[in-house]
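From first to last, the protein sequence lines stand for chains A and B.
Under this note's numbering, the residues of the first sequence are numbered 1 to 116, in order.
Under this note's numbering, the residues of the second sequence are numbered 1001 to 1113, in order.
Backbone N, C-alpha and C define an ideal beta-carbon position, used for all residues, glycine too.
Accompanying notes for the structure given below.
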Amino acid sequence: AQTVTQSQPEMSVQEAETVTLSCTYDTSESDYYLFWYKQPPSRQMILVIRQEAYKQQNATENRFSVNFQKAAKSFSLKISDSQLGDAAMYFCASMNYGGSQGNLIFGKGTKLSVKP
Amino acid sequence: KAGVTQTPRYLIKTRGQQVTLSCSPISGHRSVSWYQQTPGQGLQFLFEYFSETQRNKGNFPGRFSGRQFSNSRSEMNVSTLELGDSALYLCASSPRWGSPVGTFGSGTRLTVV
């Protein structure tokens, strides 16, 4: 069975600094997707970044980048130049390629606080 | 374009009652999936609908059901509510079944007293 583990329940970062959120996963599939979602107090889950497992290059979206280590089954999120608006719950998730939305497995989340 | 709309935003029900939650997907999206979010269990998949057919179901009791209409709008129903059903219920829509990215709504916060 797929599992996603986020070992940091809470993290804190100073505004304008860099923070890295950790995520490990386990799957027996060779083709899968990995995601980071952000959930602010508004409750809406917002897709931050997505990585296809077959791609060796790490995904990047503006200030957000990932460090994808396939052999180690690790998928960390780096937020550069942190802003107050980055404060939220962050969820790591995985999905087997070709699966339905039901195969979207989430970690327990990391609460990120940003200090001014 | 409008996002995923979930109604109502908040709901308070008594044990034993039933409840219906609504989700209107992004225009043109035909797949709708539902998730339950609780502090203890985190995010858990409930079910997914595509073209008015349930395509996948999570590990929830039969008290949880859903349906999808021809305009892709979806409803989920929970009968004989229990205290443990208190949760945030999130809906996500995507263009097609199996699409790896879904756009989520802001959820319905259900409290069972």
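On the three-state DSSP scale, how would you describe residue 1059/B?
Working through the second sequence from its first residue, we reach residue 1059/B at position 59. Annotated three-state conformation of residue 1059/B is coil, per DSSP.
Assuming contact is defined by CB atoms lying nearer than 9 angstroms, are residue 34/A and residue 79/A in contact in what I supplied?
By one-based count along the first sequence, residue 34/A stands at place 34. By one-based count along the first sequence, residue 79/A stands at place 79. No; because the gap between Cβ atoms is not below 9 angstroms, this pair is not in contact.
Taking only beta-carbon atoms, is residue 75/A less than 9 angstroms away from chain B?
On the first sequence, position 75 is the one that residue 75/A refers to. False, the Cβ-Cβ gap to chain B never drops below 9 angstroms.
Contact check, residue 1098/B vs residue 1051/B, beta carbons under 9 angstroms
Stepping through the second sequence from its first residue, residue 1098/B is reached at position 98. Stepping through the second sequence from its first residue, residue 1051/B is reached at position 51. Note that the C-beta distance between residue 1098/B and residue 1051/B is not below 9 angstroms.
Coil, strand or helix - residue 1042/B by DSSP
Walking along the second sequence from the start, residue 1042/B turns up at place 42. In the structure shown, residue 1042/B sits in a strand (DSSP, three-state: E or B).
When the Cα atoms are used, what is the spatial distance from residue 73/A to residue 1017/B?
Here residue 73/A refers to the residue found at position 73 of the first sequence. Here residue 1017/B refers to the residue found at position 17 of the second sequence. If you draw a straight line from the Cα of residue 73/A to the Cα of residue 1017/B, it is about 44 angstroms long.
Does any residue of chain B have a CB that is nearer than 9 angstroms to the CB of residue 58/A?
Within the first sequence, the letter at position 58 stands for residue 58/A. Not an interface residue.
Note down, in chain order, every chain A residue with its Cβ under 8 angstroms from the Cβ of residue 1028/B.
Position 28 of the second sequence, counting from 1, holds the residue named residue 1028/B. Here the premise fails: no neighbours, minimum Cβ distance about 17 angstroms.
Would a check of beta-carbon distances place residue 1019/B closer than 9 angstroms to chain A?
On the second sequence, residue 1019/B is found 19 positions in, with the first residue counted as 1. Residue 1019/B does not count as touching chain A.
Would you kindly check if the distance between the Cβ of residue 115/A and the Cβ of residue 42/A is under 9 angstroms?
Position 42 of the first sequence, counted from the first residue, corresponds to residue 42/A. Position 115 of the first sequence, counted from the first residue, corresponds to residue 115/A. Cβ atoms of residue 42/A and residue 115/A: not closer than 9 angstroms.
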